[in-house]
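Taking our numbering, the leading residue of the sequence shown gets 4, the next gets one more, and so forth.
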Amino acid sequence: MNYRIISSILSRVLAIEAGLLLAPLAVAAVYHESLTPFLLTILIALLGAGLLFLLGRRHTGTLHPREGFVSVTLSWVVISLVGALPFVFSGAIPNYISALFEIISGFTTTGASVLPAVEVVPKGVLFWRSFSHLVGGMGVLVFMMAVLPTDDEHSMHLLRAEVPGPVKGKLMPKMRSTARALYVIYLVMTAVETVLLMCGGLGWFDALTTAFGTAGTGGFGVRNASIGAYNSAYVDIVVGVFMVLFGVNFNLYYLILVKRSLKSLKSQELKLYLFVVAAATVTIALNIMHLYDGFLQSLRYSFFQVSSIITTTGFATADFDLWPSYSRALLVLLMLLGACAGSTGGGTKVARLVIVGKAILAEIRKLLFPRSVSRVTLDGEALDSDAIRNTMVYYILYTFIALLAFLLLSLEGFDLETTFTSVISCLSNIGPGLSLVGPTGNFAIWSGGSKLVLSLCMLLGRLEIFPVLTLFASGVWRRKS
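Below, the structure is given as structure tokens:
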């Protein structure tokens with residue numbers, strides 16, 4: 004293990020976080036709020052960055068896969084440990100464990116909150132809370148690669164560990180160019196949504212924080228009633244459409260906008276993703292129609308909630324915990340599925356479902372026709388056995404972790420619906436669950452130990468399990484391979 008190169012990466016991450024904290028500091032200044040929480044956090048971040056820089060300033064050698072995975076995981080842990088401090092220093096969340104849960108929820112774009120009422124929280128703290136979605140949505144290390152000079156060979160290992168989905172690759176010859184291309188598309192889409200929301204009557208603060216939550220598919224709102232507080236069909240449609248757009252693989256946007264290729268629209272994952280959104284929207288609308296004034300109104304609420312859940316954003320315009328059993332059951336299934344690979348959404352990803360479905364069909368064909376050669380393909384390209392095995396192992400690990408966390412949380416004695424959906428919402432990076440953690444509830448009900456378990460679930464879900472598990476692998480911390 005090359006400790007010096009890991010220290011160097013963590014130093015850069017903390018320095019970037021110190022720079023990012025200037026944004027909520029400026030918002031606090033605009034609203035004449037105390038600047039102390041952010042100034043203290045910036046100072047601590049810079050001191051940590053300086054110490055780590057001294058430890059890693061003479062690093063030599065290359066960044067191997069294990070250093071890449073460990074660096075990514077530790078970067079997310081370190082940025083969260085420091086990022087929780089403004090909540091504590093401001094008094095918004097005095098308990099550090101709860102504050103850590105809140106910021107991990109922000110950076111992992113989960114959107115699960117311990118705050119019973121957000122409208123009383125200082126604007127600067129609310130901005131930092133929502134801004135963490137924008138930072139974490141595309142990835143902390145991807146952002147670092149976009150703004151700082153990095154070695155291309157080193158960057159590939161970092162990108163592999165941080166970008167969600169079973170298939171990863173370069174869009175451009177240089178990894179830094181790839182990271183920049185992704186972030187330009189990401190920020191432009193965020194800016195467009197912000198402008199459209201302001202055109203719909205939202206003030207700049209509400210529009211910007213809502214766009215942050217949509218872009219990162221995070222779901223932290225600045226109103227107690229989430230998006231439902233605006234009571235606007237226009238806002239619902241704008242946010243709903245952009246949630247669906249941010250749930251699409253960003254590689255497809257690059258191919259369409261830069262390469263001017265429409266072949267990406269034939270993506271099997273994209274087709275299944277849009278089909279699931281459409282089918283779930285229509286069937287839920289029919290199921291809840293008796294609760295609203297006609298099919299169009301039920302379609303409005305259904306589309307928004309389906310978009311919010313499948314993209315793992317977590318915004319709400321209605322208390323879907325009161326919907327019929329079919330609608331709630333379908334939403335739970337969408338929690339498990341999630342958005343597309345390479346998007347800012349969480350969940351197990353639609354691409355994995357496509358791979359598993361094709362692998363099952365291939366096995367059935369092999370049983371029926373033993374001498375035939377069955378290949379598993381994705382968008383016309385054959386997948387090797389490693390990709391298929393990785394997908395199968397991921398599902399096994401996801402199930403095992405969910406069951407273990409469910410068992411640990413059940414010790415607190417809450418109902419099964421609350422316990423199960425708390426685990427799934429955190430592991431799939433969604434936010435709201437059902438029952439006590441539904442759209443009108445929050446995660447403050449859990450003890451400090453359970454919050455740490457759920458925080459680990461959020462990190463495992465965002466980094467897709469494998470990078471986090473490398474921290475516990477045998478021999479990974481040895482100095483020599």
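We treat Cβ as the ideally placed atom computed from N, Cα and C, and that holds for glycine. For clarity, every value in this text was computed on a predicted model and none was experimentally measured.
Does the ligand ADP have even one heavy atom less than 8 Å from the beta-carbon of residue i?
i: T347; result: Looking at this structure, you won't find the ligand ADP or any other ligand, since it has none at all.
Where does residue i land, buried or exposed, given buried means 16+ other C-beta within 10 angstroms?
i: F245; result: buried
i: K269; result: exposed
i: P176; result: The predicted position of P176 is uncertain, since its pLDDT is 48 and thus under 50; a value taken from the coordinates is nonetheless stated next. When all chains shown are included, P176 counts as exposed.
i: Y401; result: buried
i: S484; result: Since pLDDT at S484 reaches only 46, below the 50 mark, its modelled position is unreliable, and the value read off the structure follows with that caveat. The residue is exposed, with fewer than 16 neighbouring Cβ atoms inside 10 Å.
i: E105; result: buried
i: G478; result: exposed
i: I399; result: exposed
i: Y34; result: exposed
i: V434; result: The displayed chain sequence assigns Gly, not Val, to residue 434. Label assigned to G434: buried.
i: V225; result: buried
i: P40; result: buried
i: D324; result: buried
i: V261; result: exposed
i: A408; result: buried
i: K266; result: exposed
i: C202; result: exposed
i: H136; result: buried
i: P504; result: As shown, the chain starts at 4 and ends at 484. That puts residue 504 outside it, with no answer to give.
i: W480; result: exposed
i: W131; result: buried
i: G204; result: exposed
i: S450; result: exposed
i: V376; result: exposed
i: G222; result: buried
i: Y304; result: buried
i: A21; result: buried
i: A476; result: exposed
i: N234; result: exposed
i: L24; result: buried
i: S116; result: buried
i: A29; result: exposed
i: A218; result: buried
Give me the Cβ distance between residue i and residue j, rounded to the nearest whole Å; I'm assuming they're in contact under 8 Å.
i: I182; j: V145; result: For the sequence presented, residue 182 should be read as Ala rather than Ile. About 5 Å; that satisfies the 8 Å criterion.
i: T111; j: L462; result: 6 Å
i: A288; j: F278; result: So it is not a contact: roughly 16 Å between Cβ atoms.
i: A95; j: V128; result: 5 Å
i: P470; j: V75; result: 5 Å
i: P119; j: A319; result: P119 to A319, Cβ: 15 Å. No contact.
i: L439; j: F417; result: 6 Å
i: Y276; j: V353; result: 5 Å
i: L337; j: A283; result: 6 Å
i: S431; j: G341; result: 6 Å
For residue i, report the span of its alpha helix (DSSP H) as first-last.
i: V73; result: P68 to G86
i: W207; result: W207 to A218
i: L50; result: T39 to G59
i: F104; result: Y99 to F110
i: V123; result: Careful: V123 lies outside any alpha helix (DSSP H) and carries neither H nor E.
i: L24; result: Run containing L24: none; DSSP gives neither H nor E here.
i: I312; result: F298 to I313
i: I96; result: It is not in any alpha helix (DSSP H) - I96 carries neither H nor E in the DSSP assignment.
i: I230; result: That residue, I230, is in no alpha helix (DSSP H); it is neither H nor E in DSSP.
i: F278; result: Q271 to I291
i: V238; result: A236 to F249
i: N254; result: F253 to L260
So with Cβ pairs under 9 Å, would you call residue i a contact of chain D?
i: G464; result: Going by chain labels, chain D is absent from the structure shown, which holds only one protein chain.
- request: Could you tell me which uninterrupted alpha helix (DSSP H) segments, each at least 4 residues in length, are contained entirely in the segment 324-401, listed from first to last along the chain?
  value: 328-340 and 353-371
message: As an exercise, report each continuous alpha helix (DSSP H) stretch of at least 4 residues that is fully enclosed by the segment 399-476, in chain order.
response: 419-430, 451-465 and 469-472
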